[in-house]
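K.L.:
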């Protein structure tokens with residue numbers, strides 16, 4: 276029994292799934308051109324998740340459900356112990372509606388995580404950040420690729436306003452595993468780590484099951500369970516329980 280246990284416990288972790296069509300010799304810049312901001316033929320996406328919010332003093336573990344109606348409508352319901360309602364947040368284009376403790380508030384969507392969680396994404400789309408999606412490069416961006424080690428590449432995207440976006444690529448699997456945003460002064464404003472990529476239901480879309488965002492001394496960890504796609508979901512569904 277002990278020998279059998281050791282064989283199971285000491286076995287190496289399974290190899291990560293390789294991106295379809297990826298070969299280690301593929302040009303890294305091709306990964307940056309299409310992104311995953313558009314889910315293509317996926318009409319809706321839902322998922323349950325475990326969420327952990329932490330700073331230097333506190334750690335809070337919660338459960339959450341995500342309902343996404345591409346490209347601009349995302350609802351998140353967060354619950355604490357004993358299924359107590361903590362927060363409902365609905366990102367709708369440029370607006371974020373937040374319902375907490377019976378109070379409905381309105382924010383600018385791209386500042387929503389600053390106002391709710393003190394996570395500053397420098398104006399990037401919170402829907403893309405939270406779901407583990409990847410935005411594509413923009414016309415005019417300058418891209419340089421560095422190779423700090425044999426199995427890693429770092430794409431440095433120099434953006435017009437003077438900041439940088441840095442993307443770490445796993446050369447063996449073809450996945451982008453980390454992203455950082457650097458402001459014009461050279462300060463890192465936020466970092467996102469993406470891991471455990473898996474196929475979304477029977478679609479051709481792959482997303483990371485684990486998304487970790489760090490900013491301003493705080494972290495948000497999202498561990499996704501199985502996704503479901505193309506379920507009966509409408510705009511009215513996503514605003515259920517909210518009145519504005």
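Numbering (our numbering), first residue to last: 276 to 519.
Virtual Cβ for every residue (Gly too), placed ideally from N, Cα, C.
#1: Any contact of the region 317-328 with the region 294-301, i.e. 3+ C-beta pairs under 8 Å?
#2: By how many angstroms is the C-alpha of residue 399 removed from the C-alpha of residue 513?
#3: Helix, strand or coil for residue 469? Go by DSSP, reduced to three states.
#4: Do residue 387 and residue 408 have their beta-carbon atoms positioned less than 8 Å apart in this structure?
#5: Considering only the beta carbon of each residue, do residue 476 and residue 504 sit closer than 8 Å?
#6: Does the region 349-369 come close enough to the region 431-443 that 3 or more CB-CB pairs lie under 8 Å?
#7: Only counting the same chain, and skipping five residues up and downstream in sequence, which positions put a Cβ closer than 7 Å to that of residue 471?
#8: Taking the straight line between their C-alpha atoms, what separation do you get for residue 425 and residue 447?
#9: If you reduce the DSSP assignment to three classes, tell me which class residue 475 lands in.
#10: Do you know how far the Cα of residue 350 is from the Cα of residue 331?
#11: Mind checking residue 510: buried by the 16 CB within 10 Å criterion, or exposed?
#12: Rounded to the nearest angstrom, how far is the Cβ of residue 373 from that of residue 357, given a contact under 8 Å?
#13: Around the C-beta of residue 423, are 16 or more other C-beta atoms found within 10 angstroms, so that it is buried, or is it exposed?
#14: In the DSSP assignment, find the beta strand (DSSP E) that holds residue 418 and state where it starts and stops.
P.N.:
Considering the structure as presented:
#1: no
#2: Here residue 513 refers to the residue found at position 238 when the chain shown is read from its first residue. Here residue 399 refers to the residue found at position 124 when the chain shown is read from its first residue. Distance between the alpha carbons of residue 513 and residue 399 is about 22 Å.
#3: Taking the chain shown and counting its residues from 1, the one referred to as residue 469 is at position 194. Residue 469 falls in the strand class under three-state DSSP.
#4: Here residue 408 refers to the residue found at position 133 of the chain shown. Here residue 387 refers to the residue found at position 112 of the chain shown. Their beta carbons are not under 8 Å apart, which means residue 408 does not touch residue 387 by this criterion.
#5: Taking the chain shown and counting its residues from 1, the one referred to as residue 476 is at position 201. Taking the chain shown and counting its residues from 1, the one referred to as residue 504 is at position 229. Against a cut-off of 8 Å, the Cβ pair of residue 504 and residue 476 comes out as a contact.
#6: no
#7: To locate residue 471, count along the chain shown from 1; it is residue 196. Excluding residues within five positions, the ones whose Cβ falls inside 7 Å are 483, 484, 485.
#8: In the chain shown, the residue the question calls residue 425 occupies position 150. In the chain shown, the residue the question calls residue 447 occupies position 172. Rounded to the nearest angstrom, the two C-alpha atoms are 9 Å apart.
#9: As a working note, residue 475 is residue 200 in the chain shown. In the structure shown, residue 475 sits in coil (DSSP, three-state: anything other than H, G, I, E or B).
#10: Here residue 331 refers to the residue found at position 56 of the chain shown. Here residue 350 refers to the residue found at position 75 of the chain shown. The straight-line gap from Cα to Cα measures roughly 28 Å.
#11: As a working note, residue 510 is residue 235 in the chain shown. When all chains shown are included, residue 510 counts as exposed.
#12: Residue mapping note: residue 373 aligns to position 98 of the chain shown, counting from 1. Residue mapping note: residue 357 aligns to position 82 of the chain shown, counting from 1. Between residue 357 and residue 373 the Cβ distance is about 22 Å, and since that is not below 8 Å, they are no contact.
#13: The sequence position of residue 423 within the chain shown is 148, counting from 1. It counts as exposed.
#14: Walking along the chain shown from the start, residue 418 turns up at place 143. Residue 418 -> beta strand (DSSP E) spans 417-424.
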